[in-house]
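A.B. asks:
Number of protein chains: 2
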Amino acid sequence: MREINVENLADMARGAAILGTGGGGDPYVGLLLAEQAIRRHGPVTLLSADEVSDDATVVPSAFMGAPTVMLEKLPTGNEMVTSLRAIESVIGRRATHTVSLEAGGLNSMIPIVTAAELGIPLIDADGMGRAYPELQMLIPTLGGITASPMALADERGNAVAFNTIDNAWAERLARSVVTDMGCSGGMSLYVLTGRQLKDLMVHDTLTLCEEIGHAVRLARESHEDPVLAAVSVTGGRQLFQGKITDVERNTVGGFARGLARLDGVGGDVGATLEIDFQNENLVARRGGEVLASVPDLISVLDTESGEAVTTEKLRYGLRVSVIASPCDPRWRSPEGLELAGPAYFGYAHEYQPV
Amino acid sequence: MREINVENLADMARGAAILGTGGGGDPYVGLLLAEQAIRRHGPVTLLSADEVSDDATVVPSAFMGAPTVMLEKLPTGNEMVTSLRAIESVIGRRATHTVSLEAGGLNSMIPIVTAAELGIPLIDADGMGRAYPELQMLIPTLGGITASPMALADERGNAVAFNTIDNAWAERLARSVVTDMGCSGGMSLYVLTGRQLKDLMVHDTLTLCEEIGHAVRLARESHEDPVLAAVSVTGGRQLFQGKITDVERNTVGGFARGLARLDGVGGDVGATLEIDFQNENLVARRGGEVLASVPDLISVLDTESGEAVTTEKLRYGLRVSVIASPCDPRWRSPEGLELAGPAYFGYAHEYQPV
């Protein structure tokens, strides 16, 4: 058990954005919101998964919305409180804890806001150890936990609770409602017991985020390579260093799909890297060769600062370094690969672990 | 207290469709569903409003959907059960009774299905004494009751509960969800106590429906005028007898808006009547003169059979009689007229009671 104070937040948001692999929301927005909530309500209690009792009622907290809208319409915090209260009324129990479902600049910070607003402890864990574009892509799904009952709320006070026959219906109905709500809302979903949380979530994610963010910041302050500092903590490696020469984007079915092309610099001069993304980075190819792919984490960092570049901020001329980091081992199981491996996203290549 | 048996249903559905003023759903579908439910589960207990205890939890039951879809995709009954269970979990109480929100061929019958499926008593009342196209157009609205908390469910088992800041948001979010569900769903909304029901709903609507339907049938069987038989029970009058010469339809914002033109026959030879509708019939004009308008009930009946013709079934060549019947007196109050009088629907004319 420890406290999250305002001083912890910048490193956490920085590291979370790297684990967000291009998605998971903007870390600047996440940082602002968490700072504001802690300034208003005081520090948040952070528990490790082991410190949670088996019969705890853990209600994860997330933000749903188009990334481009989130940059213009900041969450207020009300959304998360309203959605959590709505799910409590459906399940007939009070939430004892909240937790993050995915790592990401915004979605790692949102549960800090929820915990601060409601005065409940936050658990140091998440459902993926990364970010993924679709609602069912969580390790708890592998353990039979469903998104529903699920609640979605807006900043005005409108709350909608979903009890659906499967995750596909949960995704579909919530997507329509969030569009009406102005393309963003707070969500409560994948309600877990403490026991399920221990068995089915990735432990210590926020601590890892903070360590990554801290290492990047220290390297930058001491004029060392922040990108190498990041991979030294994630256990990954640098794939490529280059300059973005082209970004193609298509908004398909509510997702930001696209492709970024990089020309190599330094040791990679003369080579070209392509990154496919669907909210998150999916595959990195050098020439025709796949260097890394889902479920492993592909993160694009600003070469100079080591800060993550989310897919919506990829643009011509940016000098970036691309890193790959190993995913949680459960993603490498046959079930994990079926849920969110290359084939699910339409790729023919065999997954090769980083 | 009395029982509704299969034998009561045809008269009820026939009369309900007349009070539905062109909307409220198809009486044939309503009849089929109610018959099926009573055959499966036995008769339904019908209580008059006075027999309900003040602290009863009354959960009205309705069907939401495009009329054209309802004709092709029959409700199964599951929708209403699933939505009622969903609202119970939100309000934290069991429904003791159900009731109709509007009179209409389908929406008067749907609560019979709900009552049969769940084994709870039905109350002989409704929220309008007619049908109206928008969610907030109920007498309970005049007493400060809101649609929300509200639940919507489909035949597959998906349930969505809404807790909205106003009726406009309830309408908007439910409309999106019902579209995803395949344009039809069961709803539970405007939850009332027994006391509120007594004060704010129209009493004895199903009995009135049955009396109207019975009178029409008897007149037909004894070769008397079924249209005059209907108005003798509703306390209204015949406005016009004619042949439909033209029907214009526009689907605007989810509503079936349009205009029907009639050339007079019999005593009305040489004259023309126009009826504007928005799901329900709104205004009847002869030449330029308004003969009747909302909130009074304008019903189009087949001249021969006395059966109601819903707005989606208006078509060239039909020989019809147009009748007007007085609305519940609360619709004639300044607040009632503001909620659902001519001005709300964009008309400039002063309301003249039938």
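Just so you know, the sequences run in chain order V and W.
Per the UniProt record's numbering, the first sequence starts with residue 1, numbered consecutively.
Per the UniProt record's numbering, the second sequence starts with residue 1, numbered consecutively.
All C-beta atoms, glycine included, are put in the ideal place defined by N, C-alpha and C.
1. For E312 (chain W) and A256 (chain W), I'd like the C-alpha separation in whole angstroms.
2. Grab me the residues of T57 (chain V)'s own chain with a C-beta within less than 6 Å of its C-beta, minus the 5 sequence neighbours each way, in chain order.
3. Out of W:A131, W:A17 and W:L33, state which residue places its alpha-carbon closest to the alpha-carbon of L282 (chain W).
4. Just to confirm my understanding: we take G65 (chain W), look at its own chain, exclude 5 residues before and 5 after, and list those with CB closer than 6 Å. What are they?
5. Could you check what DSSP says for H97 (chain V) in three-state terms: helix, strand or coil?
6. Starting from the beta carbon of R156 (chain V), find every residue of chain W whose beta carbon is closer than 7 Å, and list them in chain order.
7. Go through its chain and collect everything with a Cβ distance to L46 (chain W)'s Cβ below 6 Å, but skip five positions before and after it.
8. Give the interface partners of L173 (chain W) over in chain V, defined as CB-CB distance under 9 Å, in chain order.
9. Can you tell me which residues form a DSSP beta bridge with E281 (chain V)?
10. Tell me where the alpha helix (DSSP H) around K198 (chain V) begins and ends.
11. Please go through the stretch 138-215 of chain V and give each complete beta strand (DSSP E) segment of 3 or more residues, from N-terminal end onward.
12. Among V:D180, V:A86, V:V300 and V:T179, which one has its Cα closest to the Cα of M150 (chain W)?
13. Would L101 (chain W) and G127 (chain W) be called neighbours here (beta carbons separated by less than 8 Å)?
14. Starting from the beta carbon of residue 357 (chain W), find every residue of chain V whose beta carbon is closer than 9 Å, and list them in chain order.
15. Just to confirm, are L297 (chain V) and R285 (chain V) a CB contact at a threshold of 8 Å?
16. Within 10 Å of its beta-carbon, does G20 (chain V) have 16 or more other beta-carbons around it, so buried, or fewer, so exposed?
17. Does DSSP classify F345 (chain V) as helix, strand or coil?
18. Do D54 (chain V) and V202 (chain V) have their C-beta atoms within less than 8 Å of each other?
19. So which of W:V81, W:E280 and W:Q36 has the shortest CA-CA distance to V6 (chain W)?
20. Could one say the Cβ of W169 (chain V) lies closer than 8 Å to chain W's Cβ atoms, at least one of them?
21. According to DSSP, what are the bridge partners of L259 (chain W)?
22. To the nearest whole angstrom, what separates the beta carbons of V290 (chain W) and T303 (chain W), a pair I think is in contact under 8 Å?
23. The alpha helix (DSSP H) with G15 (chain V) in it runs from where to where?
24. Comparing C-alpha positions only, which one of V:P226, V:A62 and V:I139 sits nearest to V322 (chain V)?
25. Pull up the distance between the alpha-carbon of P334 (chain W) and that of G143 (chain W), whole angstroms please.
26. Apart from the five residues just before and just after T207 (chain W), which ones in its own chain have a Cβ nearer than 7 Å to its Cβ?
27. Tell me whether the stretch 164-183 of chain V and the stretch 239-249 of chain V touch, counting them as touching only if at least three CB pairs, one residue from each stretch, are closer than 8 Å.
28. Measuring alpha carbon to alpha carbon, tell me which of W:V160, W:Y28, W:R195 and W:L200 ends up nearest M181 (chain W).
29. Looking only at C-alpha atoms, which of V:P60, V:L33, V:N279 and V:A13 sits nearest to residue 441 (chain V)?
30. Is it right to say R218 (chain W) is buried, meaning 16 or more other beta carbons lie within 10 angstroms of its own, or is it exposed?
31. With distances taken from CA atoms, which of W:I145, W:A170 and W:D154 is nearest G157 (chain V)?
32. Please report the straight-line C-alpha distance between T251 (chain W) and R175 (chain W), rounded to a whole angstrom.
33. For R330 (chain W), which option in W:D199, W:S108 and W:V90 has the closest C-alpha, if you only look at C-alpha atoms?
34. Can you grab the Cα-Cα spacing for the pair M137 (chain W) / L339 (chain W), in whole Å?
C.D. replies: Straight from the coordinates:
1. 8 Å
2. R93, A95 and T96
3. W:A131
4. C183 and S184
5. strand
6. I165
7. R2, I4, L122 and D124
8. N158, V160, S176, V177, D180 and M181
9. Sequence check: residue 281 (chain V) is Asn here, not Glu. For N281 (chain V), which the question treats as bridged, DSSP gives the partners V:F277.
10. G194 to L200
11. 150-153, 159-163 and 184-188
12. V:A86
13. yes
14. The requested residue 357 (chain W) does not occur in the structure, where chain W is confined to residues 1 to 354.
15. no
16. buried
17. helix
18. no
19. W:Q36
20. yes
21. W:E248 and W:D276
22. Incorrect: roughly 22 Å between the Cβ atoms, too far for contact.
23. V6 to L19
24. V:P226
25. 13 Å
26. D124
27. no
28. W:V160
29. This structure leaves residue 441 (chain V) out entirely; chain V is present only between 1 and 354.
30. According to the sequence as given, residue 218 (chain W) is Leu; it is not Arg. Answer is exposed; the Cβ neighbour count stays below 16.
31. W:A170
32. 14 Å
33. W:D199
34. 6 Å
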